[in-house]
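Here's the structure we're looking at; comments come further down.
4 protein chains.
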Amino acid sequence: MPIRVLVTGGTFDKNYNERTGQLYFKDTHVGEMLELGRSRIDVRIRTVMMVDSLEMTEADRTLIVQNCVKAPEERIVITHGTDTMTDTAAAVAAAVTGKTVVLTGAMIPYAFGSSDGLFNLGSALSFVQVLPAGVYIAMNGKCFPWDRVRKNRERSEFEEIPGPPE
Amino acid sequence: MPIRVLVTGGTFDKNYNERTGQLYFKDTHVGEMLELGRSRIDVRIRTVMMVDSLEMTEADRTLIVQNCVKAPEERIVITHGTDTMTDTAAAVAAAVTGKTVVLTGAMIPYAFGSSDGLFNLGSALSFVQVLPAGVYIAMNGKCFPWDRVRKNRERSEFEEIPGPPE
Amino acid sequence: MPIRVLVTGGTFDKNYNERTGQLYFKDTHVGEMLELGRSRIDVRIRTVMMVDSLEMTEADRTLIVQNCVKAPEERIVITHGTDTMTDTAAAVAAAVTGKTVVLTGAMIPYAFGSSDGLFNLGSALSFVQVLPAGVYIAMNGKCFPWDRVRKNRERSEFEEIPGPPE
Amino acid sequence: MPIRVLVTGGTFDKNYNERTGQLYFKDTHVGEMLELGRSRIDVRIRTVMMVDSLEMTEADRTLIVQNCVKAPEERIVITHGTDTMTDTAAAVAAAVTGKTVVLTGAMIPYAFGSSDGLFNLGSALSFVQVLPAGVYIAMNGKCFPWDRVRKNRERSEFEEIPGPPE
């Protein structure tokens with residue numbers, strides 16, 4: 001059961017540019033992280049873009065959706081900036097059916113020593129293997145259906161949106 | 167849905183003793199790892215023992231099984247040395263019903279910079295939330311039913327045992 | 333022989349702000365680094381400011397110089413951003429006599445796993461203990477008199493300025 | 499001014515063997531550490547042996563001394579286990595004249611995330627550049643003449659031996 005990993009950037013993959021003193025994107029760390037985690041999952045990684053999710057355009061989101069649609073794999077993990085992760089999740093949910101798609105990211109860049117990235121990647125890759133078709137966000141050790149979650153910016157964590165009364 | 171984490175030691179939790187130059191057990195790193203991973207899962211951690219799994223006795227295994235049976239939680243993660251992880255999994259499977267139990271560990275101590283522990287913990291805590299009742303081993307990004315897995319010592323990884331012909 | 337450490341900020345001490353995704357200054361890491369290095373040197377740390385050295389004003393430099401002059405210690409290490417380290421070194425050299433002052437910094441923040449900061453701090457604290465009175469810059473494992481060094485921005489390293497023909 | 503680095507093993511260079519769960523020696527980390535520290539010092543590294551200093555024989559010490567004597571460089575750093583570092587320092591002092599030799603090591607292996615090794619290496623390489631001919635031990639941020647220092651095993655640090663009354 002191969003898993004497609006679509007890389008889109010986000011805090012997860014930011015590096016420190018020593019010449020400018022700014023954070024920037026170079027290559028993704030996903031391969032290195034899977035090696036560190038000694039993953040033996042059959043994973044195909046594709047870098048779709050490397051952007052800050054606050055700067056992600058509708059065209060970017062369309063490209064991500066297309067990658068989900070066209071991927072032969074039925075299980076997909078998307079690494080993504082946390083700020084607009086739910087927007088992309090909604091776009092994917094509107095267009096993709098019959099596949100399990102899990103979005104994840106990090107609050108601290110993996111290149112920093114104390115990142116949540118490795119924990120989140122282990123989590124997302126596990127949820128994607130067992131959850132039924134649908135679009136989810138895996139953060140903070142939990143997995144939320146895409147339309148039941150929001151980022152709480154003050155607490156820097158993802159939380160459930162209470163459902164409507166039945 | 168609270169999750170019980172039973173700590174038993176293993177490579178996962180080994181520390182370096184600077185006086186003797188040997189590896190030894192002090193306290194578990196699980197709490198610190200969950201903080202690093204920014205976990206917001208409702209987790210109750212209990213250190214049952216801190217031993218090398220090669221030195222684990224039948225009495226030790228009985229104690230682990232009892233902890234699984236008595237825990238009010240229906241979802242349990244056990245951190246464990248990799249060498250006899252499948253033995254403990256078998257003992258748990260023989261005695262525990264109606265609960266989802268996932269064993270995990272690490273090939274490299276978490277106290278080392280380059281451990282697979284954080285990835286495995288994220289993975290185990292995710293599988294345990296969604297899998298049906300049963301006993302599993304989560305290593306290398308995969309999750310195996312307890313009776314379909316063995317440690318390949320040469321390759322330092324867990325692999326599936328092929329099932330009988332149907 | 334107590335050593336004064338004056339903290340002024342710079343890349344050395346930058347942290348990642350998870351809410352804004354920007355680098356910023358919080359507290360200095362010098363104390364933590366000395367603990368990691370198991371330093372038993374008698375060190376008195378004072379945070380004079382926490383600024384990017386590109387944004388350091390003349391008033392800031394005056395304050396650093398005053399701290400050097402007033403310090404009862406005869407041996408002083410200044411942690412500083414690399415971009416204007418030589419400017420501050422010149423200001424100190426113009427005003428301070430009879431003391432050994434060593435400036436150091438880092439190309440990568442210590443909060444990142446792969447920083448040169450710990451190496452540089454060990455280096456600066458060693459040079460300051462044995463060099464005669466004067467102002468120096470300790471970077472890249474070397475120690476340069478303040479008026480014989482420049483930052484090579486292209487190579488991200490400090491290099492000697494050839495002296496005049498004798 | 500080239501510096502010779504003689505590698506002899508010790509805690510500094512220990513690795514974790516994931517098959518046996520024991521610490522062992524593979525290759526030295528000195529080159530990697532110098533890269534991390536962005537050292538631009540002219541350094542020639544030679545691995546003389548890779549042993550635990552408690553297991554170092556007289557023949558081993560003789561070999562280290564010979565390497566010091568034969569080295570064309572006048573400035574030498576020796577990485578060494580801490581337990582018998584002073585013994586080797588004494589052997590070197592008895593045979594080597596006209597050279598500055600600094601021994602250093604670590605209490606925690608560099609392969610662990612929280613090692614004092616990088617700090618000590620930066621320190622030793624700095625002291626060796628400026629101290630007069632003689633044999634020294636650089637640990638805990640300090641530099642001791644070889645016959646004025648002992649390891650305090652209880653406190654896991656090096657301390658001065660008080661000199662005789664003059």
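Residue numbers (the numbering used here), protein chains in the order written: chain A, 1 to 166; chain B, 167 to 332; chain C, 333 to 498; chain D, 499 to 664. Heads up, the beta-carbon is just placed ideally off N, CA and C, and yes, glycines get one too. These figures come from a predicted structure and were not determined experimentally.
Mind pulling the chain A residues with CB within less than 8 Å of threonine 343/C? Against the third sequence, residue 343/C aligns to sequence position 11. Glu18 and Gly21, listed in chain order.
If you draw a straight line from the C-alpha of threonine 394/C to the C-alpha of threonine 194/B, how long is it? Residue mapping note: residue 394/C aligns to position 62 of the third sequence, counting from 1. Residue mapping note: residue 194/B aligns to position 28 of the second sequence, counting from 1. The straight-line gap from Cα to Cα measures roughly 49 Å.
Check the C-beta distance from isoleucine 45/A over to threonine 8/A and give it rounded, since I have them as a contact under 8 Å. To locate residue 45/A, count along the first sequence from 1; it is residue 45. To locate residue 8/A, count along the first sequence from 1; it is residue 8. Wrong, their Cβ atoms sit about 12 Å apart, outside the cutoff.
Out of His80/A, Pro162/A and Arg153/A, point me to the one whose CA is closest to alanine 138/A's CA. Residue mapping note: residue 138/A aligns to position 138 of the first sequence, counting from 1. If we check each option's Cα against that of alanine 138/A, His80/A comes out closest.
Per DSSP, the bridge partner or partners of cysteine 475/C: By 1-based counting over the third sequence, the position of residue 475/C is 143. DSSP lists Ala470/C as partners of cysteine 475/C.
Going along the chain, which residues of its own chain have a beta-carbon closer than 8 Å to the beta-carbon of threonine 11/A, five neighbours each way excluded? In the first sequence, the residue the question calls residue 11/A occupies position 11. Closer than 8 Å at the Cβ level, and outside the excluded window around threonine 11/A, lie Gly81, Thr82, Gly105, Ala106, Met107, Ile108 and Pro109.
Closer than 8 Å by beta-carbon distance: list the chain B residues that pair up with methionine 107/A, in chain order. Position 107 of the first sequence holds residue 107/A. Simply Arg204.
What are the boundary residues of the beta strand (DSSP E) that includes glutamate 159/A? On the first sequence, residue 159/A is found 159 positions in, with the first residue counted as 1. Run containing glutamate 159/A: 157 to 160, per the beta strand (DSSP E) assignment.
Label lysine 70/A either buried or exposed according to how many other C-beta atoms from any shown protein chain fall within 10 Å of its C-beta, with 16 as the threshold for buried. Along the first sequence, one-based indexing puts residue 70/A at 70. Under this definition lysine 70/A is an exposed residue.
Please compile the residues from chain F whose C-beta is within a distance smaller than 7 Å of the C-beta of serine 488/C. Protein chains in the displayed structure are A, B, C and D, and chain F is not among them.
Quick one: which chain B residues come within Cβ less than 9 Å of phenylalanine 617/D? Along the fourth sequence, read from residue 1 onward, the residue named residue 617/D stands at position 119. Under the 9 Å cutoff, chain B gives no residues; its nearest Cβ is about 15 Å from phenylalanine 617/D.
Spatial neighbours of proline 477/C in its chain, beta-carbon cut-off 7 Å, leaving aside the 5 residues before and after: The sequence position of residue 477/C within the third sequence is 145, counting from 1. For proline 477/C, where only same-chain residues beyond five positions count, the Cβ hits under 7 Å are Gly466 and Tyr468.
Under 9 Å between C-beta atoms of leucine 457/C and valine 409/C: For the purposes of this step, residue 457/C is identified with residue 125 of the third sequence, where counting begins at 1. For the purposes of this step, residue 409/C is identified with residue 77 of the third sequence, where counting begins at 1. Yes, Cβ-Cβ distance for leucine 457/C and valine 409/C is below 9 Å.
Three-way DSSP call (helix, strand, coil) for glycine 175/B in this model: The residue labelled residue 175/B in the question sits at position 9 within the second sequence. Three-state result, glycine 175/B: strand.
Just to confirm, are phenylalanine 25/A and valine 51/A a CB contact at a threshold of 9 Å? As a working note, residue 25/A is residue 25 in the first sequence. As a working note, residue 51/A is residue 51 in the first sequence. Yes, these two residues count as a Cβ contact at 9 Å.
Would lysine 180/B count as contacting chain A if we go by Cβ distances under 9 Å? Residue 180/B sits at position 14 when you count from the first residue of the second sequence. No, its Cβ sits nowhere closer than 9 Å to a Cβ of chain A.
Option nearest phenylalanine 610/D by Cα separation, candidates Glu201/B, Arg170/B and Asn181/B: The count along the fourth sequence starts at 1 and reaches residue 610/D at position 112. Nearest of Glu201/B, Arg170/B and Asn181/B to phenylalanine 610/D, Cα basis: Asn181/B.
Do the CB positions of leucine 504/D and asparagine 565/D come within less than 9 Å of each other? What you label residue 504/D is simply residue 6 of the fourth sequence in a count that begins at 1. What you label residue 565/D is simply residue 67 of the fourth sequence in a count that begins at 1. Their beta carbons are under 9 Å apart, which means leucine 504/D touches asparagine 565/D by this criterion.
Span of the alpha helix (DSSP H) around threonine 62/A: Translated into positions along the first sequence, residue 62/A becomes position 62. Note, threonine 62/A: alpha helix (DSSP H), 58 to 70.
What's the gap between the Cα of aspartate 42/A and the Cα of asparagine 306/B? The residue labelled residue 42/A in the question sits at position 42 within the first sequence. The residue labelled residue 306/B in the question sits at position 140 within the second sequence. Going from the Cα of aspartate 42/A to the Cα of asparagine 306/B covers about 11 Å.
Spatial neighbours of glycine 37/A within its chain, please: C-beta separation below 8 Å, excluding the five flanking residues on both sides. Your numbering for residue 37/A matches position 37 in the first sequence. Correct list, in chain order: Leu118, Leu121 and Gly122.
Would you mind reading off the limits of the alpha helix (DSSP H) that contains valine 130/A? Within the first sequence, numbered from 1, the residue matching residue 130/A stands at position 130. Judged by DSSP secondary structure, valine 130/A falls within the alpha helix (DSSP H) whose first and last residues are 117 to 130.
Reduced DSSP secondary structure (H/G/I, E/B, other) of methionine 381/C: Within the third sequence, residue 381/C is the residue found at index 49, counting from 1. Here methionine 381/C sits in strand by DSSP.
Checking the sheet assignment: what are the DSSP bridge partners for tyrosine 514/D? Walking along the fourth sequence from the start, residue 514/D turns up at place 16. In DSSP, tyrosine 514/D forms a bridge with Leu521/D.
Could you check what DSSP says for arginine 482/C in three-state terms: helix, strand or coil? For this step, residue 482/C is matched to residue 150 along the third sequence. Three-state DSSP puts arginine 482/C in a strand.
Taking the CB atoms as reference points, tell me whether lysine 483/C and methionine 417/C lie closer together than 9 Å. Stepping through the third sequence from its first residue, residue 483/C is reached at position 151. Stepping through the third sequence from its first residue, residue 417/C is reached at position 85. It is a contact, given that the beta carbons lie within the stated cut-off.
Please report how far the alpha carbon of alanine 593/D lies from the alpha carbon of leucine 23/A, in whole angstroms. Start at 1 with the first residue of the fourth sequence, and residue 593/D comes out as number 95. Start at 1 with the first residue of the first sequence, and residue 23/A comes out as number 23. The alpha-carbon atoms of alanine 593/D and leucine 23/A are separated by roughly 52 Å.
DSSP three-state assignment for valine 362/C, whether helix, strand or coil: Taking the third sequence and counting its residues from 1, one reaches residue 362/C at position 30. DSSP places valine 362/C in helix when its eight states are reduced to three.
Can you round the beta-carbon distance between valine 626/D and threonine 598/D to whole angstroms, since I take them to be within the 8 Å contact cut? Position 128 of the fourth sequence, counted from the first residue, corresponds to residue 626/D. Position 100 of the fourth sequence, counted from the first residue, corresponds to residue 598/D. About 6 Å separates the two Cβ atoms, so the contact holds.
Amino acids of chain A, ordered along the chain, whose beta-carbon sits closer than 8 Å to that of leucine 172/B: Taking the first residue of the second sequence as 1, we reach residue 172/B at position 6. Chain A residues near leucine 172/B: none, gap ~17 Å exceeds 8 Å.
Which of the three DSSP states, helix, strand or coil, is assigned to leucine 88/A? What you label residue 88/A is simply residue 88 of the first sequence in a count that begins at 1. Looking at the sequence shown, residue 88/A is not leucine but threonine. Three-state result, threonine 88/A: helix.
If you follow the beta strand (DSSP E) that leucine 54/A is in, where does it begin and where does it stop? Along the first sequence, one-based indexing puts residue 54/A at 54. Leucine 54/A -> no beta strand (DSSP E), and no H or E assigned at all.
Partners in chain B for alanine 609/D, counting only beta-carbon separations shorter than 9 Å: Against the fourth sequence, residue 609/D aligns to sequence position 111. Phe278, Gly279 and Ser280, listed in chain order.
How many angstroms separate the CA atom of threonine 352/C from the CA atom of serine 114/A? As a position in the third sequence, residue 352/C is number 20, starting the count at 1. As a position in the first sequence, residue 114/A is number 114, starting the count at 1. Taking the straight line joining both Cα atoms gives about 17 Å.
Work out the CA separation of glutamate 154/A and asparagine 349/C for me, nearest whole Å. Translated into the one-based positions of the third sequence, residue 349/C becomes position 17. Translated into the one-based positions of the first sequence, residue 154/A becomes position 154. Whole-angstrom Cα-Cα distance: 13 Å.
Let me see if you follow: with CB-CB separation under 9 Å, is arginine 319/B close to chain D or not? For this step, residue 319/B is matched to residue 153 along the second sequence. So yes, arginine 319/B belongs to the interface.
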